[in-house]
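A quick write-up on the structure given underneath.
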Amino acid sequence: MTHDDEVDATSGTPALAVERLLALEREGLKFHQMRERCRDILAAPDVHVPSFAADAIAILANHPGRKTAAVDPIAHLIMECVPRVTAHIRERHDFPMMDDVSVRERFADAKDRSPGVRLILDALAAAAAVDDESAESAGGSIHRRVTGTTRLDPRTLLRVAETYGVSLEDLIDAGGGDARTSLEAYARSLMYREGKHAPGVNLALWFSLDAFASVETVDELTRCGAFGLASDVAACVAGSELKRRCVEACLELGDSGDHAGLRAAHAAAERFQLGTVFPTVKRRYFESTIKRMVAKGQAEAALRHAGDDKDLIRCVIASLVASGDASTAAEYVARLGSDLSPGEDFDVGDLLGTETELAAAQAARRDAHVQLPEGMAENGGVVWVDDEDGLRAACDALLAADVVGLDTEWAADPDAERMKAERNRRRKGTRWARKRWRDQKKLAKKLAAEAEALEASNGESDADDASSRDASSGEGEGEGERTGAGAGGEDEDAAERRAASVVALLQVATRDRVFLVDLPALLRACPDAIAPTLGAVLADRSVLKTGFGLAEDLRRLARLHPPAFGAERLGGPSGGVGPVIDLQHVWAAGTRIAREEAADGGRAKRGRRARAAAAAAAAAEGGEGGGGGGVAASPPKRLVGPWSLKEHYQRKHLVGLSHLTAAVLGKPLDKATRMSDWSKRPLTPRQVTYAALDAWVLVELMRTLRENHAEELERLAGGLTHVRE
1 MTHDDEVDAT SGTPALAVER LLALEREGLK FHQMRERCRD ILAAPDVHVP SFAADAIAIL
61 ANHPGRKTAA VDPIAHLIME CVPRVTAHIR ERHDFPMMDD VSVRERFADA KDRSPGVRLI
121 LDALAAAAAV DDESAESAGG SIHRRVTGTT RLDPRTLLRV AETYGVSLED LIDAGGGDAR
181 TSLEAYARSL MYREGKHAPG VNLALWFSLD AFASVETVDE LTRCGAFGLA SDVAACVAGS
241 ELKRRCVEAC LELGDSGDHA GLRAAHAAAE RFQLGTVFPT VKRRYFESTI KRMVAKGQAE
301 AALRHAGDDK DLIRCVIASL VASGDASTAA EYVARLGSDL SPGEDFDVGD LLGTETELAA
361 AQAARRDAHV QLPEGMAENG GVVWVDDEDG LRAACDALLA ADVVGLDTEW AADPDAERMK
421 AERNRRRKGT RWARKRWRDQ KKLAKKLAAE AEALEASNGE SDADDASSRD ASSGEGEGEG
481 ERTGAGAGGE DEDAAERRAA SVVALLQVAT RDRVFLVDLP ALLRACPDAI APTLGAVLAD
541 RSVLKTGFGL AEDLRRLARL HPPAFGAERL GGPSGGVGPV IDLQHVWAAG TRIAREEAAD
601 GGRAKRGRRA RAAAAAAAAA EGGEGGGGGG VAASPPKRLV GPWSLKEHYQ RKHLVGLSHL
661 TAAVLGKPLD KATRMSDWSK RPLTPRQVTY AALDAWVLVE LMRTLRENHA EELERLAGGL
721 THVRE
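Count the sequence shown with the working numbering and you get residues 1 to 725, in order.
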């Protein structure tokens, strides 16, 4: 029987309709196809939709094999289709929501709501029976199976109430006073059950159960971390008592060091306009945020977050000192001291200690992190390039190198960041926020898959990928990882993404020199000189380009100036950009193989790059040996490089450049300056050092890996580590 034949036979019973839908589900129909079939079934002329849908949901709830699904998708599919085919018998109605009023849709005739009422009462009876059985089981009594009831998941029960527009009065009219008691008991059991707070609160709000408009409810929800739900309950109750208690309960958690509590207290105080009642809540939240940012190495972002508030600036500096970074604190004091009003200057002695202690702290921090070669910066090894003469001189030096490291820094937009943070805060808990959270989870999985994949690494394919990938990236948490953001349609964040995607600085390094290229200045002064110089370096087949998360850097560069950095098919340099080795991909490939070896007794699958490199090596050996062309390549040796260590291949999060540097060179990068504003000129000395080091360390990593693990690097990079004849 075809799908069309099934849809034509729409005059059957709810049981037959359920079986048809289940059969279509087993056949693998997409959701929109299932929705179309369901709508056709409900729209049949001989179907009374309210009764038909309620009976179908009851059948699904008791259907063999469907009890394991907490929320049955077919039931929700049916309820989504009900309003679509019954618009002519529905109305908008004012529903009480504790002391508030909510306008919702419902079936206009109480007779049409009665199937939903019956379904809800049956589900409440089933829930009560389960609780009785559990109590009897705990007391040693024999189980008694209660028949004639329909067990619904809490979310399905709420969806029934929403679809039919069932009110508390409807339940009481059909089930008497016991209906209210059963509903309150059911909602209370959910509210005190882990993971069920939301449906419990939503049921209480939907049916306007005044018993939950209490301090106890707000306290319990706050204790469980359900801050948004506690705020929703308080918002529906008249007067300020419950609203004030909501803020106080969140602050009590904040007193114990819970940052989420302070964030919720600040949000609730703003929502209920209680800033004058709780004048310190905003400052406490901001100070806690600053301390967390400093602890994550986001000192520059913390300083921007502080703005012009002197107390918050002091908090940034004090947090830096407390975290052991007195040297950065001293730099901020020197940078900001002149901007302070008279009499408000920082007491350097109190904050930073003696000069001897400060010098010792600075030396300790330098020793703990990778540094540029001694004397490089002082002896002209770090070169600022912002005109045509400097650009041509830099490119002459780069073309003479066999390996160059590439990195970019992107412009910051503090105002856009604050606006975006404010919108996100207001949308907290909305469907938009939940969708954004789901999208972020999907993005994390996508990024992990991309990092594991061994992309083709010839120049043109890398350039094409870099210029066509539609994702936006930023520095990841903790170590400056490059992470992408899923592409979407034009929305209100599009302008922010465009502003943040501007390359404010391009760093290109050799072993003994680093060129900091001010691309915005060059685009203003000599745009036609960029392609014959930088474009020539990137396209030169004898110069190996290496980076970390390089595809995103190249994509942004290509968008900024396609003739120099874009793919050949998009007007870029002849032959495209290449050869390119992305150390992020190399590291991901190494750790993937190491995981496979650990799980398979030392044997690993061989990816496309690895097979290509092995085939090239076998062909070369065959040519030298005179007749080995038909001999299969021997299995690769077990990895012994840094990627093979258990502490690295078992790491679940994406690896940043600082982590890779620590694994290969023994020390991490100092990321205290990350997330600073790279569009401002002139850069601070710390920014110059940070930017130069990010590019130079790529060349040093490549040199060290070539020297100590050349064979494995060749295998993981697909045979591209030696390019100069």
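Cβ coordinates follow ideal geometry from the N, Cα and C atoms, glycine included.
DSSP places T356 in the uninterrupted alpha helix (DSSP H) bounded by 355–368. For D670, same chain residues with a beta-carbon under 6 Å away, outside a window of 5 residues either side, are H369 in chain order. Per the coordinates, the alpha-carbon of Y332 lies some 29 Å from the alpha-carbon of L665. Pairwise C-beta distances place the stretch 533–546 in contact with the stretch 560–578, as three or more of them are shorter than 8 Å. For P50, the closest alpha carbon among the candidates A108, V383, E597 is that of A108.
Comparing C-alpha distances from A411 to each of R556, L320, H305, E287 shows the shortest one belongs to R556.
By the CB criterion at 8 Å, V233 and L221 fall inside the cutoff. Looking at the DSSP output, P96 shares a beta bridge with V101. Counting along the chain, the unbroken beta strand (DSSP E) around D407 starts and ends at 403–410.
The continuous alpha helix (DSSP H) containing T222 extends over residues 215–223. Between R90 and R113, the CB-CB gap reaches or exceeds 8 Å. Segment contact: the stretch 270–287 against the stretch 643–651, fewer than three CB-CB distances shorter than 8 Å; contact not assigned. A695 and G254 do not touch by the CB rule: their CB atoms are close to 42 Å apart, not below 8 Å. Segment contact: the stretch 158–165 against the stretch 181–188, fewer than three CB-CB distances shorter than 8 Å; contact not assigned.
In the structure shown, the three-state DSSP call for A108 is coil. In this structure M97 is in contact with L205, their Cβ atoms being roughly 6 Å apart against a cut-off of 8 Å. Between the stretch 707–720 and the stretch 524–535 there are fewer than three C-beta pairs closer than 8 Å, too few to call the two in contact. Taking 8 Å as the cut-off, the Cβ atoms of H561 and L505 do not count as close. Segment contact: the stretch 119–126 against the stretch 22–42, fewer than three CB-CB distances shorter than 8 Å; contact not assigned. Counting only residues of its own chain and dropping the five nearest sequence neighbours on each side, V502 has a CB closer than 6 Å to the CB of A411. Taken through DSSP and simplified to helix, strand or coil, T86 comes out as coil. In this structure, the beta-carbon distance from L544 to D582 does not fall below 8 Å.
Residues of the same chain with a CB within less than 6 Å of the CB of E388, apart from the 5 flanking positions on each side, are C526, A529 in chain order. The criterion of a C-beta distance shorter than 8 Å is satisfied by A299 and T328. Bridge pairing for I581: T546 [DSSP].
About 3 Å separates the beta carbons of F227 and A264, which is inside the 8 Å limit, making them a contact pair. Bounds of the alpha helix (DSSP H) holding Q687 are 685–717. C-alpha of R674 to C-alpha of G337: approximately 22 Å in a straight line. By the Cβ neighbour-count rule, D309 is exposed, with fewer than 16 other Cβ atoms within 10 Å of its own.
For E91, the pairing in a beta bridge is given by DSSP as R106. Looking at the DSSP output, V517 sits in a beta bridge with V385, L506. For V18, the closest C-alpha among the options F52, G572, A330, D46 is that of F52. The beta carbon of E409 lies closer than 7 Å to those of A504, L505, W678, A691 in the same chain, with the five residues before and after it left out.
In the structure shown, N62 falls within a coil segment according to DSSP collapsed to helix, strand and coil. By the criterion of a C-beta distance shorter than 7 Å, V403 is surrounded in its chain by L544, T546, V699, M702, once the five residues flanking it on both sides are discounted. DSSP places F565 inside the alpha helix (DSSP H), whose first and last residues are 562–565.
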